[in-house]
Structures are given as structure tokens and as C-alpha cells.
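In what follows, a single structure is set out as C-alpha cells and then discussed.
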Amino acid sequence: MGGALQAAGEAARAIETVSWVLIAGGFAIFVGVMLLLWRSLHRRAETVRPRLWVVGGGLVFPGAVLAALYAWQLPMTPAWKPIPSADALVVGVTGHMWWWDVRYRDPATGATVRTANEIRIPAGRPVYLALDSADVIHSFWVPQLAGKIDMLPGRIQHLLLSADRPGTFRGQCAEFCGAQHALMAMHVVAMEPAAFDAWLAAQAQPALPAQDARLEAGRQAFLANRCDACHAVRGVGGDSRLGPDLTHVGSRLYLAAGTLPNTPEARREWIAHVQAVKEGARMPSYERLQGEQLDAIVEWLGALK
Ligand SMILES: [Cu+2]
1 MGGALQAAGE AARAIETVSW VLIAGGFAIF VGVMLLLWRS LHRRAETVRP RLWVVGGGLV
61 FPGAVLAALY AWQLPMTPAW KPIPSADALV VGVTGHMWWW DVRYRDPATG ATVRTANEIR
121 IPAGRPVYLA LDSADVIHSF WVPQLAGKID MLPGRIQHLL LSADRPGTFR GQCAEFCGAQ
181 HALMAMHVVA MEPAAFDAWL AAQAQPALPA QDARLEAGRQ AFLANRCDAC HAVRGVGGDS
241 RLGPDLTHVG SRLYLAAGTL PNTPEARREW IAHVQAVKEG ARMPSYERLQ GEQLDAIVEW
301 LGALK
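For what it's worth, this note's numbering labels the leading residue of the sequence shown as 1, then goes sequentially.
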């Protein structure tokens, strides 16, 4: 996983370099100003030439520093600017209060492949993200891979990122977007290219058929409780986009935008007590769902790999 400050992609590394230069330069200038202050306090009798200090220290010096910094960082901006590249993988991400809808194009059929809250990418390949929002302004930020960019309703913003190596990189919505803004995280999982291709091919498939009577009971309970009014499970029912696509929810690492690890206990907790786990989330708590029925749904969702 690694800390948020460990850059794992080209764009993030450029930002890291610029940050360190700005911090070091800012510190050096601060020390210089403090030395001047110290000197002025100790040599009261010295006559100064105010014009020299105002023009030199107030105009020429900052002008020269800013111009030099600008010239220096200019060649670096392509590293985080989206340059359309034939090789790039295109991924669409839409922010919702408070989760992420994620879309790929199936290379075999051209059909849209939908998932949520987890963005898998092939390591070493540029990824071109098309970002927008379904409601308020969100902000897409995976610090180890790239800078942050706002996700706006009705407008597509672009971000180019790449991961040097396989790994899991945590992202977080970085624009206050309502009560559960803090629980709007996501994970970018960089995989070996062959593993990624296999993953995408599997995600493009409809939901796995229920293998036994218990899983079939879970599938029926899901439909009987009208979970499909908000959730799509391809091949089972529902085409609503009010909630995350659950076709392969069992293959995800976390639930509800990084809120809970995807374990059977957490799925049970989530479904029965959504409003205790993530108050205000646009899904009702199913407290009346108990015992067998709840267990069956929890197991069936886990089997949707
Ligand atoms: Cu948000």
C-alpha cells in the first residue's frame, strides 16, 4: 500500500519534485528574511535606501524567482496533462454522493463494463480518466498516482495517470460534498497487464449463476426485497444507476466507497444497518431483514466474483 506521500507514478513524481523545491526554496527565503530582520533590529543606526529595498526586494527578487520557477516547471506539465494516446486505457468515473461509478469499454465487444468504487488498471500503461459528477462537485484524488481534479456535473474533466508497479493505491474525494464526504474513498488497483485483461474480461460477463439452493435463495431475496430498484446485477435484474453496480461486487476489496472491508460480516452489517454505518447514504437500512434471508443475500453477493 505505502504512504500517501510515496509517489508511484510519473505525474505524482513530478508533483513531488515541485513540492520539495518549493518547500526548500520557501524555507531558504524565510531564513534570509529572518536574517535581515535580525540585522535591522541590531543595527539601528544604519541608513538604508528604501527604494532599493522596495524595488529590489519587492519587485525584482520575487519576479525573478517566480519567472525561474515557471520556466523550470514548464517542461514537466505534460507529465500530468492529459495527452490523448492511442495506447491509453480509457476509464469513465462518475462521482455520486458518496460513491464512484466506474466504466470501461469491453475490448472484445465495445460494450460498457460497469463497476464501482474500485478502479483496476494495468501497471505501466497510461490511463486516461474521463471524470464527471451526477450531483454536486466532487474531486478525484489518488495522491500516489496524480494530482487532484474536480468532478463537475455536466462537464467532463480529464486526468492522465499511470502506476509504475502493481499495487493498491487509496484515493479520496477531495472536495467537501456533504455529510459523508469523509467516507467517499476509492482504491486504484494496478495489476500486471495480463491479469488486468483477464479481470476486465471477467467483469464484462454477466453475474455468475447461483451454484446451489442457498445462493439461489439469496438471489431471490435480493429481487423480493427490491434491491434491484437501485442496483443493477447484469443477468439477474435491474438496470437502475441509483446505486453501485453489483454484478461482480464479490470481487471488490471494500464496500461503500472504502467504508468497510468486503467481508461477510461487513456485508451483513451494511445491509441491515446502512444508516448506522454511513448516515445519510442513499440506501435504506434493511433492519427487518433477519437471519436466513439476510445470510443468503450476504452469501450470494460474496459469490458474485
Ligand atoms: Cu465527494
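For every residue, glycine included, the Cβ atom is placed at its ideal position computed from N, Cα and C. These numbers were taken from a predicted model, which means no experiment stands behind them.
Residue i Cβ short of 6 Å to ligand 1 heavy atom set
| i | result |
| --- | --- |
| M191 | no |
| C230 | no |
Cα-Cα separation between residue i and residue j, rounded to whole angstroms
| i | j | result |
| --- | --- | --- |
| R288 | A272 | 8 Å |
| T263 | P107 | 31 Å |
| G92 | P122 | 15 Å |
| V142 | V127 | 13 Å |
| F140 | E10 | 17 Å |
| W20 | A146 | 16 Å |
| G57 | R44 | 20 Å |
| D295 | F169 | 31 Å |
| T17 | V277 | 39 Å |
| L41 | L66 | 29 Å |
| H248 | W300 | 11 Å |
| G243 | E269 | 17 Å |
| A315 | A28 | Residue 315 lies beyond the stretch modelled for the chain, which goes from 1 to 305, so this question has no answer here. |
| P153 | A111 | 24 Å |
| A68 | L59 | 14 Å |
| A190 | G167 | 5 Å |
| V31 | R51 | 22 Å |
| D238 | G26 | As written in the sequence, residue 238 is Gly, which differs from the Asp given in the question. For G238 and G26, the distance between alpha carbons rounds to 56 Å. |
Closer than 7 Å to chain D by CB, residue i
| i | result |
| --- | --- |
| V113 | Absent from the structure: chain D. Only one protein chain is present. |
The segment 254-267 touching the segment 111-127, judged by at least three CB pairs closer than 8 Å: yes
For ligand 1, residues whose Cβ lies under 5 Å from any non-hydrogen atom: H138, C173, C177, M184
Three or more C-beta pairs below 8 Å linking the segment 158-166 and the segment 64-74: no
Inter-stretch contact at 8 Å, needing at least 3 Cβ pairs: the segment 163-174 / the segment 199-212: no
Runs of beta strand (DSSP E) lying entirely within the segment 178-254, each at least 3 residues, in chain order: 185-191
Alpha helix (DSSP H) runs contained entirely in the segment 10-46, provided each spans 4 or more residues: 10-42
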